[in-house]
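Inspection log for the structure reproduced underneath, given as structure tokens.
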Amino acid sequence: MTRNLAGWFFVDTYREGVITMRVSAVGVRTARPRAVVLIPLLVAALLVPSAPFAHTGTAQTRHDRAAADGEVTLRVGIQQEFDSLNPFLGFSLAATDVFRLIYPTLTTYAPEDFSVMPELATEWTSSPDKLTWTFRIRKGVSWSDGEPVTAADVVYTFERMMNDPAAATANGNYVDNVAEVHAPDARTVVIRTETPQATMRSLAVPIVPEHVWSGVDDVAGFANQRMPVVGSGPFVATEYRPQQYLTLEANEDFWRGPPTVDRLRFVNFENSDAAVQALRKGDIDVARELTPAQFDALDGAHDIERVRGKGRRFYEIVLNPGAANSAGAPIGTGHPALRDVRVRRAIDHAVNRAELVDRVLGGYGTVGAGYLPPIFRKYYWTPAEEQRRSFSIETANRALDEAGYPRGADGIRRGPSGKPLDFEFVLHGDSATDALVGEFVQEWLARVGIRVRLLPVSDNQVNQRTTAGDFDMVVSGWSVNPDPDYVLRLQTCGARPDPGGGGLPDSFLCDRRYDELYRRQLTEFDESERVETVKRAQQRFHEMATGLILFYPNALEAYRADRFSGFLRQPAERGVITAQQGYWGYYRAEPTEQARTAGGGGGYRSAALALGGALLLGGLVVAAVTVHRRRTAEHRE
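Residue 1 is where the sequence shown starts when you use UniProt numbering, and the numbers rise one by one after that.
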């Protein structure tokens, strides 16, 4: 939250006892005023510092009591909002991370090596033709409200996605090929597919309780913010303040056993600088998604342990190839020159990936090549030397000349219609990485006669504009699952939005050859054959140049070693403690004796005192406060 004091100072963030103030200039990236708070009210707030920041007196009392009893809260700083707490809708990294903590899945991925292992399903078998799959549901698993988890919940979840388009928003690809699902008894689920589907052992679908969700008529309009949220994972969501924090309590009845911490709290920060400051002060225990500069600055910091892990994300520039909906009707505002694959390939030649890794990532990453990151070694593909589009301004200029895009008197190239190659580049406004990438790309493309206008917007706007095809160029990125089917599907014709809206496209690629390779890998059960087909699909994606894979960043994290140790990392070799696949890092975090003695850590009261003091200082300067809100989110999951 941002509180702007008449253009003099503003409170950039207050989170878990941390307050950040910056000098403000009137008119610089301000949001619409939501309220005006007079000084007498500020003074009153100082007299009762905890009231504005807790949901209820009961919540505050529970927090204070927990600290007094020595209960341990693991506090994780995040620089993104939850796009939704509804597992049918949420697909951001923040949301999917939480869904794994509160909802069961049929199978999960082992922390050691991402291999598939039992979770809610203890075993599974398939018919000889690979069309019918039978899952046995674990006995004795309960929802957090005491109701048993049964096969009927699994059937309900799958059928809701199959029959309700809104419920298919985030995970609909998992049921695209499902013909029927039923439960012959309380512990057996039978799924029949239209064609053989190689991903049936790794269906990362959050299973929801039928007795709760059957009362939800409008999935698209349901935020799932009624606390506590009914789940059956290792944690239960109990408190939520949008753009501030989400609190999860340990599920004492979790079938694997209760977590080693009593409570998990995700604390929102406007940026990673504020999160690092809070980590240094001990107001949070884990900071993730650090920048290279922040990671380096924490080297040798007292009581802070750094983690440099393999990343499962790719970072790309999407070039609008002529966005269309699923009916083939053009949508959006893409520049017509980008429909020409020769222009897209020329742009690729003008991007220096090695320099981006060096100067943007500080060396903490790998140069981009294929669609899938090298953490998943068997699927990793990189172009052969003759296929590689290496950085060359000369080659890019020559390609554009040969394609018929001459320079005008102003140095800007024109297309056949005379329209200048003037592209709008949409960026995540709160991302330092995006800002740097944008500046480099703008400079490089200027050297080949293409004008680039940088447009930083909120992360929610990035998602909205991408889905609507309302862009020329846009920064995108996805976290890849151990099974690559989910992100491979994003590039198919079937991923394009419906005429009525929705959908989850990435680059609006709609290519017959790519679609055929996608379908082939989905039905291939011979592992070596499937791997080869996946690599061929990546090669075709590279040829079409609708998404330029820039790099695969390392996952940079840090945690308070004086409060926690023994985080289970995934994978075992150069793994990380957060945001991979599963709940392992949070579930097995080992509190130190200091953490148990100190109890829950910094609470709302210290945040309130800090904010109240800052507001009083502001009151000496000006007699009113304008409250602003800014949304943050991360790249898509």
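From the three backbone atoms N, C-alpha and C, an ideal C-beta is built for every residue, glycine too.
Put simply, the backbone Cα of Ala204 is about 7 Å away from that of Thr108. Scanning the region 275–300 from its first residue to its last, the whole alpha helix (DSSP H) runs of 4-plus residues come out as 292–297.
In the DSSP assignment, Tyr315 forms a beta bridge with Gly477, Phe551.
Glu573 is the residue among Arg596, Ile577, Val276, Glu573 whose C-alpha sits nearest the C-alpha of Asp113. For Glu557, the number of other beta carbons within 10 angstroms of its own is at least 16, and it is reported as buried. In the three-state DSSP reduction, Ile331 falls in the coil class, being neither helix nor strand. Each of Asp472, Arg75, Gly582, Thr592 was checked against the Cα of Asn268, and the nearest Cα belongs to Arg75. When DSSP reads this structure, Gly77 sits in a beta bridge with Val267, Ala287. Looking only at Asn481, Phe423, Gly332, Lys310, the smallest Cα-Cα distance to Asp97 is reached by Asn481. Put simply, of Met162, Asp185, Val219 the residue whose alpha carbon is nearest the alpha carbon of Leu85 is Val219.
Beta-bridge analysis with DSSP links Arg201 to no other residue. A Cβ-Cβ separation of about 7 Å places Lys310 in contact with Gly575 under the 8 Å criterion. By the Cβ-count criterion, Glu593 is exposed, with fewer than 16 other Cβ atoms from all chains shown falling within 10 Å of its own Cβ. For the alpha helix (DSSP H) assignment, the uninterrupted runs of no fewer than 4 residues enclosed by the region 450–499 are, from N- to C-terminal side, 459–468, 485–489. Take Ala166, set aside five residues on each side of it, and the residues of its chain with a beta-carbon closer than 8 Å to its own are Phe88, Leu89, Asp218, Val219, Ala220, Gly502, in chain order.
Within the region 338–396, the runs of beta strand (DSSP E) at least 3 residues long that lie entirely inside it are, in chain order, 365–367. Within the same chain, and ignoring the five residues on either side of Arg563 in sequence, the residues whose Cβ sits closer than 7 Å to its Cβ are Asp285, Pro591, Thr592, Gln594, Ala595. In the DSSP secondary-structure assignment, Ala121 is bridged to Ile137.
Counting along the chain, Gly309 sits inside the beta strand (DSSP E) bounded by residues 304–309.
Shown here, Ala220 sits in coil according to DSSP, grouped into three states, outside any helix or strand. Pairing Asn460 with Asp83, the inter-Cα distance amounts to about 8 Å. In this structure, Thr199 lies near Asp483, with their beta-carbon atoms less than 7 Å apart.
Relative to the Cα of Ala170, the nearest Cα in the group His428, Tyr486, Ala250, Ala537 belongs to Tyr486. Using a 10 angstroms sphere on the CB of Arg447, the tally of other CB atoms stays under 16, which defines it as exposed. A residue is called buried when at least 16 other Cβ atoms come within 10 angstroms of its Cβ; Lys535 meets this threshold and is buried.
Judged by beta-carbon spacing, Glu424 lies within the 7 Å limit of Leu455, meaning their Cβ atoms are closer than that value. Counting only runs of 3+ residues, the beta strand (DSSP E) found wholly inside the region 137–216 occupies 178–185, 188–193, in chain order. For the pair of segments examined, the region 542–549 was found to touch the region 341–348: the number of CB pairs separated by less than 8 Å reaches three.
The shortest CA-to-CA distance from Arg201 to any of Glu119, Ala278, Met161 is the one to Glu119. Sorting Val426, Pro406, Leu427, Arg226 by C-alpha distance to the C-alpha of Ser417 places Pro406 at the top. Between the region 381–394 and the region 324–343, the count of Cβ pairs shorter than 8 Å is below three; the stretches do not touch.
Counting the other Cβ atoms within 10 Å of the Cβ of His428 gives 16 or more, which makes it buried.
A check of alpha carbon separations from Val475 across Thr578, Ile317, Asp498 identifies Ile317 as the nearest. For the set Leu490, Ala324, Asp515, Ala561, the Cα lying nearest the Cα of Asp470 is the one of Ala324.
One Cα belongs to Asp262, the other to Pro228, and the distance between them is close to 16 Å. In this structure, Pro148 sits away from Ser232, with a CB-CB distance that is not shorter than 7 Å.
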